[in-house]
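Below is one structure, written out as structure tokens, with a few remarks after it.
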Amino acid sequence: MNILRVFFGLFLIFFGLNHQFHFFPEPPWPVDAMNFLSALRATGYMNEIIMLTDVIAGALLIINILTPLALLLSASILAHSLLFHFFLAPETMLFSAIGTVINVVLIYVYRKRFYPLFIAQ
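Dropping the structure here:
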């Protein structure tokens, strides 16, 4: 699972930096998706928050510290990404779905580290 963890870390860093540097050109978005993305960009901070969250979570996964935290951080971003693509741009859902599946697999692998979160005190 170390290979999957490191791959996922690189995946997050790559797609996080893609928000800033546009390694992949943006696809032609449907109107509703473009309106949503325009609103996020208009905030002036949302793309940077998403990018930083992806890059930080990816780095934590690669160096193998705070791995459960990194998985939760990436899960929050990927959940929204998957929903965005599912409802507004289904034709561009591939990478979001791949990231979500890897994230779920790694959360399952590290599930024992999450048990304390569900203990009533």
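Under UniProt numbering, the sequence shown is numbered contiguously, ending at residue 121. The beta-carbon is built from N, C-alpha and C at its ideal position, and this holds for glycine as well. Please read all numbers here as calculations on a predicted model, not as lab measurements.
In the structure shown, Leu-82 falls within a helical segment according to DSSP collapsed to helix, strand and coil.
Straight-line spacing of the CA atoms in Ala-33 and Met-51 works out to 19 Å.
Following the DSSP letters along the chain, one finds Gln-20 inside the alpha helix (DSSP H) bounded by residues 2-21.
By the beta-carbon neighbour count (other beta carbons within 10 angstroms, threshold 16), Gly-44 is exposed. DSSP places Met-46 in the helix class (H, G or I) of the three-state scheme.
Phe-36 places its beta carbon less than 9 Å from that of Phe-84.
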